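Peer 1: Could you have a look at this structure, given as structure tokens, before my questions?
2 protein chains.
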Amino acid sequence: MTHHFMQLAINKAWQYQGLTYPNPAVGAVILYQDNIIGLQAHQKAGTSHAEVLALVEAFENISEQKIEFDRFDSHKAHNFLQNLPKGFFAECTIYITLEPCSHVGKTPSCASLLEILKPKKVIIALNDPIAGHGGGIQKLQRANIQVEVGSLQKEAKELLEPFLIWQKRAFVLFKLAQTSNGRIGGGYLSSQESLTHVHQMREVCDTLVIGGATVRNDRPTLDCRFTKGKSPNILIYSQQKSFDQEIPLFQIQNREVEVSNNLDLLEKPSFIIIEGGEGMLKAMQTKIDWYLIYQTPKLSTNPLSYSIDKKLSFLHVDKKGIDRMIWSK
Amino acid sequence: MTHHFMQLAINKAWQYQGLTYPNPAVGAVILYQDNIIGLQAHQKAGTSHAEVLALVEAFENISEQKIEFDRFDSHKAHNFLQNLPKGFFAECTIYITLEPCSHVGKTPSCASLLEILKPKKVIIALNDPIAGHGGGIQKLQRANIQVEVGSLQKEAKELLEPFLIWQKRAFVLFKLAQTSNGRIGGGYLSSQESLTHVHQMREVCDTLVIGGATVRNDRPTLDCRFTKGKSPNILIYSQQKSFDQEIPLFQIQNREVEVSNNLDLLEKPSFIIIEGGEGMLKAMQTKIDWYLIYQTPKLSTNPLSYSIDKKLSFLHVDKKGIDRMIWSK
Chain A
1 MTHHFMQLAI NKAWQYQGLT YPNPAVGAVI LYQDNIIGLQ AHQKAGTSHA
51 EVLALVEAFE NISEQKIEFD RFDSHKAHNF LQNLPKGFFA ECTIYITLEP
101 CSHVGKTPSC ASLLEILKPK KVIIALNDPI AGHGGGIQKL QRANIQVEVG
151 SLQKEAKELL EPFLIWQKRA FVLFKLAQTS NGRIGGGYLS SQESLTHVHQ
201 MREVCDTLVI GGATVRNDRP TLDCRFTKGK SPNILIYSQQ KSFDQEIPLF
251 QIQNREVEVS NNLDLLEKPS FIIIEGGEGM LKAMQTKIDW YLIYQTPKLS
301 TNPLSYSIDK KLSFLHVDKK GIDRMIWSK
Chain S
1001 MTHHFMQLAI NKAWQYQGLT YPNPAVGAVI LYQDNIIGLQ AHQKAGTSHA
1051 EVLALVEAFE NISEQKIEFD RFDSHKAHNF LQNLPKGFFA ECTIYITLEP
1101 CSHVGKTPSC ASLLEILKPK KVIIALNDPI AGHGGGIQKL QRANIQVEVG
1151 SLQKEAKELL EPFLIWQKRA FVLFKLAQTS NGRIGGGYLS SQESLTHVHQ
1201 MREVCDTLVI GGATVRNDRP TLDCRFTKGK SPNILIYSQQ KSFDQEIPLF
1251 QIQNREVEVS NNLDLLEKPS FIIIEGGEGM LKAMQTKIDW YLIYQTPKLS
1301 TNPLSYSIDK KLSFLHVDKK GIDRMIWSK
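So the sequences go chain by chain: A and S. Numbers 1 to 329, taken from the working numbering, label the letters of the first sequence in order. Numbers 1001 to 1329, taken from the working numbering, label the letters of the second sequence in order.
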């Protein structure tokens, strides 16, 4: 009967899939008196974890006050929460897609925070899979908090897959934008939300890989102007080394551009995004872990599409404005 | 804060969109002590409504007993529920996407049932939009049940659109099956769940419209063998009247087949499904209300696709086994 809430937490976490790099995507739900008073996900490495953001939201809903500090500053958030009156969350049930962290990194330990806050019950989908981490559950149990583990474990594992891959080698995401009938290459993103998401993803990845033909034909910029963030380093995947330096992507400050047909960078633990069409899809076929397909609600007569035989599976579908963002592998 | 539960009810209702014809798609959620103990939708006209199915499920979860009667028999279900000990649902909150019916039709009145069961609170997305119906909310209020109306009204209205259309004229649904890269015509449904859903939809519609060229080239059966239901009546949309009577669709018992290029049937309140490819899509373009696109997780080199300029909007995405079912308009 608890699966619906865990599913909400997992869905919330998917909204920030990739964006949390190098951290995992994690979601949390807080229930109090038949109401969902917190539903949050970890958004960005170095900022507050999912359960902390959900607890802050829960405080706001219970107290009907807005907090005034930066909720993404984990030290401020932990400090605020652990100084609330004792028992403030005593009647709350918390669902978390991953075992709360017990170690102190850039952010303080969430398990230690929950130990102090003593909610009624904590339901966790998945144990921390990193060797040497973990211990969060034992901490909660020692504090006599009721803990349940294993709700929607399979779905929570799928959510965590990029994180597990980029521990060992590059996680390779192929990004495509298409119409409902599979036409590409016409700048097919209808919504500002999709465009912003592309730029958020670019900002967080280690390297953006693009095909030489696309660079020559489309003369792209490949920056992060919608998020005003740092533009990604570029690998132009090409046999031929010479490119017109007037192409906008070369004009961007604080970015490295490499032209190479060597893919050794994929061995290194990292997050690599490939943007391209049929050519890159074919060239990179065996290297791609996941596909992120932005689908715009439009049928088009543009003949440009991609033709390749490949079995996929759908992982998650999310809204981005009027578009849908389809995670597949 | 109540939107998450209403959204669950709406999502559940979408699973039976179209299949409830001529009834509306309706979903219901029941909450008790921070748990969802009922989540159900109306499935088929003449059978129990969403809130009744959810109440039966809630009974099973609270009592930890399985009921032994047919839960889809609304008379048996109402009778069972109203004879439960007084106050059985007194601590429950019920979310329903549509005002509970106050009139007695093929099924007894749900508002009258709730009046007896007296749940703590009933949250309703939308008033009954049919003139002369309604009155369910007043019934609940007169019984001193706390009622809230208007949560996710916009989404609940969208869910109800086919129902509102088929009150006045034909609701026309165009069905397509395609790969992730928009290739059609290769029998592109991977999952038995998708195939079964297609047959359920065929069974419930008034007429299945198909293009003459498709009949000649594909020699389809267009039956409901996966649901063992009655195969739909067929309109072959064609100028030319003569067809090889050996084509399987003509061999099906208890079915009418008409060959015509007259679309007067669209004036009549009814539910029409069109199956076809690019030709039918172009011919029917101005007549189509909604699109149901089954998308299979596969990239394909099959060159057959469809090329047409049309702006759509996404309504809902659902799983059907490994496939996704995308409602658009």
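Glycine residues also receive a C-beta, built at the ideal position from the N, C-alpha and C atoms. Just so it is clear, the structure is predicted and the values come from calculations on it, not from any experiment.
#1: At 8 Å on the CB atoms, spell out the chain S contacts of Y306 (chain A), in chain order.
#2: Within 10 Å of its beta-carbon, does I1096 (chain S) have 16 or more other beta-carbons around it, so buried, or fewer, so exposed?
#3: Closer than 9 Å, Cβ to any Cβ of chain S: which residues of the region 12 to 38 of chain A, in chain order?
#4: Could one say the Cβ of K168 (chain A) lies closer than 8 Å to chain D's Cβ atoms, at least one of them?
#5: What beta strand (DSSP E) runs, 3 residues minimum, are completely inside the region 141 to 219 of chain A?
#6: Mapping DSSP to helix, strand and coil, what is V1052 (chain S)?
#7: Could you tell me if N11 (chain A) is buried or exposed, where buried requires 16 or more neighbouring beta carbons within 10 angstroms of its beta carbon?
#8: Are any of the Cβ atoms in chain S nearer than 8 Å to that of V259 (chain A)?
#9: Cβ of L98 (chain A) within 8 Å of Cβ of P24 (chain A)?
#10: Grab me the residues of V317 (chain A)'s own chain with a C-beta within less than 6 Å of its C-beta, minus the 5 sequence neighbours each way, in chain order.
#11: Closer than 8 Å, Cβ to Cβ, to anything on chain S: give me those residues from the region 189 to 202 of chain A, in chain order.
#12: Below 8 Å on C-beta distance, what does T1093 (chain S) contact in chain A?
#13: Mind reading off the beta-carbon distance from F69 (chain A) to F171 (chain A)? Whole number of angstroms is fine, and I expect it under 8 Å.
#14: Assuming Q1040 (chain S) is part of the beta strand (DSSP E), what are its boundary residues?
#15: Taking V317 (chain A) as the query, report the chain S residues whose CB atoms sit under 8 Å from its CB, ordered along the chain.
#16: With distances taken Cα to Cα, identify the nearest neighbour of G1279 (chain S) among S:H1133, S:Y1306 and S:K1118.
#17: Using the rule of at least 16 other Cβ atoms within 10 Å of the residue's Cβ for burial, across every protein chain shown, is G1211 (chain S) buried or exposed?
#18: When the distance is taken between beta carbons, is I1124 (chain S) closer than 8 Å to V1147 (chain S)?
#19: Buried or exposed, going by whether 16 or more other CB atoms sit within 10 Å of the CB of H1049 (chain S)?
#20: Short check: CB of L1249 (chain S) to CB of V1204 (chain S), under 8 Å?
#21: With K281 (chain A) as the anchor, note down where its alpha helix (DSSP H) starts and where it stops.
#22: Rounded to whole angstroms, what's the CA-CA distance from A1045 (chain S) to I1094 (chain S)? Just pull it up for me.
#23: For E1275 (chain S), report the span of its beta strand (DSSP E) as first-last.
#24: If we count the other Cβ atoms within 10 Å of its Cβ and call it buried at 16 or more, is G87 (chain A) buried or exposed?
#25: I'd like to know whether the C-beta atoms of L993 (chain S) and S180 (chain A) end up nearer to each other than 8 Å.
#26: From this set, S:E1267, S:E1051 and S:N1035, which residue's C-alpha is nearest K1168 (chain S)'s C-alpha?
#27: From F1314 (chain S) to Q1153 (chain S), what does the alpha carbon distance come to, in whole angstroms?
#28: Can you name, in chain order, every residue of its own chain whose Cβ lies under 7 Å from the Cβ of Q295 (chain A), other than the five neighbours on each side?
#29: Taking the straight line between their C-alpha atoms, what separation do you get for E1051 (chain S) and A1143 (chain S)?
#30: Residues of chain A with a CB under 9 Å from the CB of D1289 (chain S): which are they?
#31: Mark A131 (chain A) as exposed unless 16 or more other C-beta atoms lie within 10 angstroms of its C-beta, in which case mark it buried.
#32: Would you kindly report the start and end of the unbroken alpha helix (DSSP H) that includes E1115 (chain S)?
#33: What do you get for E1246 (chain S), buried or exposed, if any count of 16 or more other CB atoms within 10 angstroms of its CB means buried?
#34: Any idea if K1175 (chain S) is buried or exposed, counting beta-carbon neighbours within 10 angstroms, 16 or more meaning buried?
#35: Under three-state DSSP, which class holds F1005 (chain S)?
#36: Does chain A have any CB closer than 8 Å to the CB of H1004 (chain S)?
Peer 2: Quick look at the numbers:
#1: For Y306 (chain A), the chain S residues whose C-beta falls within less than 8 Å of its own C-beta are N1181 and L1299, listed in chain order.
#2: Within 10 angstroms of the beta-carbon of I1096 (chain S) lie 16 or more other beta-carbons, which makes it buried.
#3: Within the region 12 to 38 of chain A, the residues whose Cβ lies closer than 9 Å to some Cβ of chain S are V29, L31, Y32, Q33, D34, N35, I36 and I37, listed in chain order.
#4: The question asks about chain D, but that chain is absent: this structure's protein chains are A and S.
#5: Those beta strand (DSSP E) runs which fall completely within the region 141 to 219 of chain A and span 3+ residues are 146 to 149, 170 to 179 and 207 to 211.
#6: Looking at V1052 (chain S) - three-state DSSP - the assignment turns out to be helix.
#7: With 16 or more Cβ atoms within 10 Å of its Cβ, N11 (chain A) is classed as buried.
#8: Not an interface residue.
#9: In this structure, L98 (chain A) lies near P24 (chain A), with their beta-carbon atoms less than 8 Å apart.
#10: Cβ within range, chain order: R324 and I326.
#11: So nothing in the stretch comes that close.
#12: Here the neighbours are D34.
#13: A Cβ-Cβ separation of about 33 Å leaves F69 (chain A) out of contact with F171 (chain A) under the 8 Å criterion.
#14: Element bounds for Q1040 (chain S): N1035 to A1041.
#15: Neighbours of V317 (chain A) on chain S, chain order: V1317 and R1324.
#16: In terms of Cα proximity to G1279 (chain S), the closest of S:H1133, S:Y1306 and S:K1118 is S:Y1306.
#17: With 16 or more other Cβ atoms within 10 Å, it is buried.
#18: In this structure, V1147 (chain S) places its C-beta atom within 8 Å of the C-beta atom of I1124 (chain S).
#19: When all chains shown are included, H1049 (chain S) counts as buried.
#20: The answer is no: Cβ separation not under 8 Å.
#21: Looking at the sequence provided, one finds Leu at residue 281 (chain A) rather than Lys. Run containing L281 (chain A): E278 to M284, per the alpha helix (DSSP H) assignment.
#22: Their Cα atoms are separated by approximately 22 Å.
#23: Residues S1270 to E1275.
#24: Under a 10 Å Cβ-count criterion, G87 (chain A) is classified as exposed, with fewer than 16 other Cβ atoms of the shown protein chains found around its own Cβ.
#25: An answer regarding residue 993 (chain S) cannot be provided, because it is not within the stretch 1001 to 1329 covered by chain S.
#26: Distances from the CA of K1168 (chain S) to each of S:E1267, S:E1051 and S:N1035 were compared; the closest alpha carbon is that of S:E1267.
#27: Rounded to whole angstroms, F1314 (chain S) and Q1153 (chain S) show a C-alpha spacing of 17 Å.
#28: Around Q295 (chain A): Q178, S180, D323, R324 and I326.
#29: For E1051 (chain S) and A1143 (chain S), the distance between alpha carbons rounds to 17 Å.
#30: Per Cβ cutoff of 9 Å: no residues; D1289 (chain S) is ~15 Å from chain A at best.
#31: Burial is judged here by how many other beta carbons sit within 10 angstroms of a residue's own beta carbon; A131 (chain A) has fewer than 16 and is exposed.
#32: Boundaries of the alpha helix (DSSP H) harbouring E1115 (chain S): C1110 to L1117, taken from the DSSP string.
#33: Exposed is the call here.
#34: With 16 or more neighbouring CB atoms inside 10 Å of its own CB, K1175 (chain S) falls in the buried class.
#35: In the structure shown, F1005 (chain S) adopts helical secondary structure according to DSSP, grouped into three states.
#36: In terms of beta-carbon proximity, H1004 (chain S) lines the interface with chain A, with at least one pair separated by less than 8 Å.
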